[in-house]
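Here this note's numbering = 1-based position in the sequence shown + 24.
Note that the Cβ used here is the ideal one computed from N, Cα and C, for glycine as well.
The next block holds one structure in the form of structure tokens; read it before the comments.
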Amino acid sequence: MVNYPEMAVPDDPKLAQNITHFARALRKAGLAVGPGRVIDAIHAVKAVGFTKKADFYWTLHACFVSKPEDRPLFAQLFRLYWRDPQYLEHMMSFLRPAVHGVQEERAAQPAEKRAAEALLDGEDRPLPPQEDKEDEVEIDFDASQTTSAQEHLRTLDFELMSTSEMAAAKRMLATLSLPVPPILSRRTQGGHGLLPDWPGTMRQAMRRGGEVTDFATKRRRQRYPNLVVLCDISGSMASYSRAVLHFVHAVANREGQGWAQVHAFTFGTRLTNITRHLRQRDVDAALAAAGAEAQDWKGGTRIGACLHSYNRDWSRRMAGQGAVVLLITDGLDRADDGQLGHEMERLNLSARQLIWLNPLLRWDGFAPRARGITQMLPHCSSFRAGHNIASLQGLADALSRPDDNGEKTRLLAMLRDA
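Here it is, written out as structure tokens:
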């Protein structure tokens, strides 16, 4: 456990209520904490005592933490609630706009924002009083246009966002969903369907002495496809890839959307599988682990070689059963060996649907003149923009309407006319 300053825990008769409130904050932050664990924690503290801070920490840890990925979040919440009251005010500054324009002493660590939000629970606690200065200019804020501001944020380019706008955009991305309709399997199951079930009919006849009185039917089973995300993290895509990965993390950790499994890869000069990192519940910790795994952030671009690595090593096991592949890249690959077009064709043939998100489509005068784009464009199912929140929300339309190919038809016409 991390060494903290000395803490004197008072002999408070409301300790049971405090443990209950602490458990409520843990549950709001995402830990599986129910009433039974709260009762166990109160009895455990009563048996162990709280004369030593380490005993108190590990007693609650044993009662409330059941997964390794929950340990950082528990540690931050424990520090906020039991140890450092001023630390909560520090974390509140990350949840509010920078009104005074003062740079924070340090950035928030993974799980800290989530812990502070869980403890605040929607309360608007007053900020510490600020010293009045004669030279300061008083600024009045008008919050009447909040809806318009949110709509503006939806359509604002990720690359043009300020730090505060990007933080707000990430919170919006965490609430997005990407539902997918089920697909029909070749396997069948009994029930009221349109397909004749001859074996079932004969079994029913045998139970009636060999007389066929009714015909049994069956129907095709429904199943959900996998989602495979290939995200370009080269230098030209850095502003967009981080926002897209926040969206992918929300999709991977949101239940009820229908995806069988969500797999994620990053590529620049090499392909990196970050699927296991995005399974962490805390988005900051997940992206930090993914960034440590991928050593080619903001580097060069070798799209053809990276797609070859995916097709050779991963395509059969992940996209062989009708997966939907989401490709996020600007397509700026200068290789002229024909590999990119060949690998893009293989990728399209192995997937049920290949959706290409390109942030360059944000320009009204965009034309497919780059060599890499001309090789990739004919082999995608849908070609769409991917530069803001609204474009990511539009992915649901592409999934529900497979015949919607976005801008592909228009740009292919431009290629033929060129």
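- With a 10 Å radius around the Cβ and a threshold of 16 neighbouring Cβ atoms, T75 comes out exposed.
- Residue pairing by DSSP puts I379 in a beta bridge opposite L350, S406.
- A314 is bridged by DSSP to nothing; it lacks a bridge partner.
- Proximity to M400 across G355, M438, A56, H287 peaks at G355, based on C-alpha coordinates.
- Here G355 is not bridged, per DSSP, to any residue.
- Scanning L219, T241, Y248, C330 for the CA closest to the CA of Q363 turns up C330.
- N277 sits in a helix when the DSSP states are folded into three classes.
- K432 and L295 have their C-alpha atoms some 26 Å from each other.
- With a cut-off of 8 Å on Cβ pairs, the stretch 243–252 is in contact with the stretch 197–206, counting three or more such pairs.
- Listed as beta-bridge partners of V286 by DSSP are L251.
- Looking only at D441, A375, G410, the smallest Cα-Cα distance to R386 is reached by G410.
- Counting along the chain, H366 sits inside the alpha helix (DSSP H) bounded by residues 363–374.
- Put simply, of L55, K70, E93, G54 the residue whose alpha carbon is nearest the alpha carbon of K38 is K70.
- Listed in chain order, the non-local C-beta contacts of G315 below 8 Å within the same chain comprise W321, local neighbours out to five positions each way being set aside.
- Going by beta carbons, L200 and A274 fall inside the 7 Å limit.
- Within the same chain, Cβ atoms closer than 7 Å to the Cβ of H301 are found at A310, A313, A314, E317, the five residues on either side in sequence being excluded.
- The Cβ neighbour count for A53, taken over all protein chains shown within 10 Å, is at least 16; the residue is labelled buried.
- When the beta-carbon positions are compared, C87 and A68 come within less than 7 Å of each other.
- Under the three-state reduction of DSSP, G328 is assigned to helix.
- The stretch 265–279 makes contact with the stretch 187–200, as at least three CB pairs between them are under 8 Å.
- In the three-state DSSP reduction, P220 falls in the strand class (E or B).
- By the C-beta criterion, the stretch 337–351 is judged not to be in contact with the stretch 226–246, since fewer than 3 inter-stretch pairs fall below 8 Å.
- The C-alpha of I63 is placed about 46 Å away from the C-alpha of N412.
- Judged by their CB atoms, Q304 and E93 are nearer to each other than the 7 Å cut-off.
- Counting every other CB atom within 10 Å of its CB across the protein chains shown gives N382 a total of 16 or more, marking it as buried.
- In the three-state scheme derived from DSSP, where H, G and I count as helix and E and B as strand, R244 is classed as strand.
- Inter-residue distance for M226 and R210 is about 22 Å (C-alpha atoms, whole angstroms).
- Judged by beta-carbon spacing, A391 lies beyond the 7 Å limit of R178, meaning their Cβ atoms are not closer than that value.
- Take the alpha-carbon of D181 and the one of V272: they are about 18 Å apart.
- D388 sits in coil when the DSSP states are folded into three classes, being neither helix nor strand.
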